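The block underneath contains the structure these notes are about, expressed in structure tokens.
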Amino acid sequence: MKLSIIDIIIIAAYLLATAVIGLMLKKRAERSKKDYLLGGNNLPWYMLGLSNASGMFDISGTMWLVTLLFVYGLKSVWIPWLWPVFNQIFLMIFLSMWLRRSNVTTGAEWINTRFGSKSGAQLSHGIVVIFAIIMGLGYLAYGFIGIGKFAEIFVPWEVVSPYVPFELSAEYVPHFYGIIFTCFAVFYALLGGMMSIVWADVVQYGLMAISSLVVGIIAMNAMAGNQLIAPDGWLTPFFGMRLNLDWSGIIHEVNDKIVSDGFSLFSVFFMMMIFKGVLVSLAGPAPNYDMQKILSTKSPREAALMSGSVSFILMPIRYFMIAGFGVLGLLFYDKLDLLTGGRVDFEQILPSAISEFVPVGFLGLLLAGLL
15 MKLSIIDIII
25 IAAYLLATAV
35 IGLMLKKRAE
45 RSKKDYLLGG
55 NNLPWYMLGL
65 SNASGMFDIS
75 GTMWLVTLLF
85 VYGLKSVWIP
95 WLWPVFNQIF
105 LMIFLSMWLR
115 RSNVTTGAEW
125 INTRFGSKSG
135 AQLSHGIVVI
145 FAIIMGLGYL
155 AYGFIGIGKF
165 AEIFVPWEVV
175 SPYVPFELSA
185 EYVPHFYGII
195 FTCFAVFYAL
205 LGGMMSIVWA
215 DVVQYGLMAI
225 SSLVVGIIAM
235 NAMAGNQLIA
245 PDGWLTPFFG
255 MRLNLDWSGI
265 IHEVNDKIVS
275 DGFSLFSVFF
285 MMMIFKGVLV
295 SLAGPAPNYD
305 MQKILSTKSP
315 REAALMSGSV
325 SFILMPIRYF
335 MIAGFGVLGL
345 LFYDKLDLLT
355 GGRVDFEQIL
365 PSAISEFVPV
375 GFLGLLLAGL
385 L
């Protein structure tokens, strides 16, 4: 097993802490629908902003961003605009205040504020409920297999199987791990509602902040005695009509990755990304966790402050970690195990670098936060 006893204790303590948070806040959440869904509108904006940022600090997204940084260098900072990450600006300026003034408890209820209560609005209300359920299942699926595959690297099934009273084929091992960690998240969320979600996110963010600083410092120390070998243009966020990153003679497989991603005409991709992002942002918030955090704020002003704080809370810590793993991946590429099915899988940079470079104790903190 690649985890030490210390790391296992840290992960178990984190999982136990999330369960305790849910149990402790259960009675408060039972007071009313408002207490359950919105934390009674008593949570300060900075805690909700931190919770929102922590929720975006997920394992699947972090693996993807480390891969992007490794391949595209500083130009990779633009690619997350696909989501678009800059929608927080639109929320901060007017959408969050507009939404919070409605005094509703869910995105479905907000339909009545926006469109009234006629038959069309009622049909839209039902559609939003169905959409929210499907999207919630989608979010679970998004992290489900990623969590399972990530856990399998550090806790091989061969070590666990003697203690499990049933047989499980290899292809379902990630599903099994995913179910375990997802059940903990569902447990505290269902018991304590919004209040328990926010407090669990605060704990998670603290773990990730410490881990990010450790990873960044390890990378800086590694840079002191080694030379970073990367193609021209890797260290600048600016670009022309084409990407113009040539990995020939360095890591030739990366060129194949760039071709398969389809980002060679980077300026065209960038313009379409901006156009799509602005339209999506102006369309208004979707009935997801972001919208629920906005509705949970104390006032329209605090809703705007919460949305404006998210990127400032998330980006420095998250990219300190991403940059650290990206640099370590470049410096010690030959030490990383990136082969999957006989082919190089650059998304294995993060788990392989964690296994190779993160020291005992901090490995447990990092895995607890990511999982």
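Take any residue in the sequence shown, note its place counting from 1, add 14, and you have its number in my numbering.
By construction, the Cβ of each residue, glycine as well, lies at the ideal position given by its N, Cα and C atoms.
Bear in mind that the values here come from a model prediction, so they are computed numbers and not experimental data.
Identify the continuous alpha helix (DSSP H) that holds G192 and give its terminal residues.
Element bounds for G192: V187 to A238.
Do I22 and G375 have their C-beta atoms closer together than 8 Å?
No, the pair does not count as a contact, with Cβ atoms beyond the cut-off.
If you follow the alpha helix (DSSP H) that I22 is part of, which residue opens it and which one closes it?
From DSSP, the alpha helix (DSSP H) with I22 extends over I19 to M38.
Spatial distance of M285 from L39 (CA atoms):
Straight-line Cα distance between these residues: approximately 46 Å.
When we look at the beta-carbon of I193 and count the other beta-carbons within 10 Å, is it buried (16 or more) or exposed?
Residue burial annotation: I193 is exposed, with fewer than 16 other C-beta atoms found within 10 angstroms of its C-beta.
Looking only at C-alpha atoms, which of F252, V273, G254 and P251 sits nearest to W261?
For the residues F252, V273, G254 and P251, the minimum Cα distance to W261 belongs to V273.
For V294, which residues from the same chain have a beta carbon less than 8 Å from its beta carbon, with the 5 sequence-adjacent residues on both sides left out?
Once the five neighbours on either side are set aside, the close Cβ partners of V294 are P98 and N101.
Within its chain, find whatever has a CB closer than 6 Å to the CB of Q362; leave out the 5 residues flanking it on each side and keep chain order.
Cβ within range, chain order: L352.
Straight-line CA distance for A26 to L88?
Computed Cα separation, rounded: 36 Å.
Going by DSSP, name the residue or residues bridged to L51.
L51 pairs with nothing; no bridge assigned.
Compare the beta carbon distance of L259 and G247 with 8 Å and say whether it is the shorter of the two.
In this structure, L259 sits near G247, with a CB-CB distance shorter than 8 Å.
Cα-Cα separation, I103 to P314
So the alpha carbons of these two residues sit roughly 15 Å apart.
Which ranges would you report for the alpha helix (DSSP H) in the region 300 to 375 if only whole runs of at least 4 residues count?
Along the length of the region 300 to 375, whole alpha helix (DSSP H) runs at least 4 residues long occupy 303 to 309, 314 to 345 and 363 to 371, reported in chain order.
State the CB to CB distance for the pair M237 and G383, rounded to an integer number of angstroms; the pair is presumed to be in contact (CB under 8 Å).
Contact between M237 and G383 is absent: CB atoms are separated by about 24 Å, not below the 8 Å threshold.
What separation, rounded to the nearest whole angstrom, lies between the Cα atoms of F280 and L82?
When rounded, the distance between both Cα atoms is 14 Å.
Assuming Y50 contacts G162 (C-beta within less than 8 Å), just tell me the rounded distance between them.
The beta-carbon separation of Y50 and G162, rounded to 29 Å, does not stay under the 8 Å limit for a contact.
Have a look at S68, I20, Y28 and A297 and flag the residue whose alpha-carbon is nearest the alpha-carbon of F326.
Comparing Cα positions, the closest option is S68.
So, at 6 Å on beta carbons, what are the nonlocal neighbours of M106 in its own chain, with the 5 sequence-adjacent residues on each side left out?
Non-local beta-carbon contacts of M106 in its own chain, meaning distances under 6 Å to residues more than five positions away in sequence, involve A318, S321 and G322 in chain order.
Selection from L37, P330 and G130 that minimises the alpha carbon distance to Y202:
Of L37, P330 and G130, the residue nearest in Cα terms is L37.
Around the C-beta of V178, are 16 or more other C-beta atoms found within 10 angstroms, so that it is buried, or is it exposed?
That one is exposed.
Where do the N-terminal and C-terminal ends of the alpha helix (DSSP H) with Y60 fall, by residue?
First-last of the alpha helix (DSSP H) with Y60: W59 to M70.
Burial state of S175, where buried means 16 or more other Cβ atoms lie within 10 Å
S175 should be labelled exposed.
Contact check, H139 vs A165 under 8 Å by CB: the rounded distance?
Not really, about 39 Å apart at Cβ, beyond 8 Å.
Spatial neighbours of V217 within its chain, please: C-beta separation below 8 Å, excluding the five flanking residues on both sides.
Around V217: Y28, A31, T32 and I35.
What are the boundary residues of the alpha helix (DSSP H) that includes K290?
Looking at the DSSP string, the run of the alpha helix (DSSP H) that includes K290 is F280 to L296.
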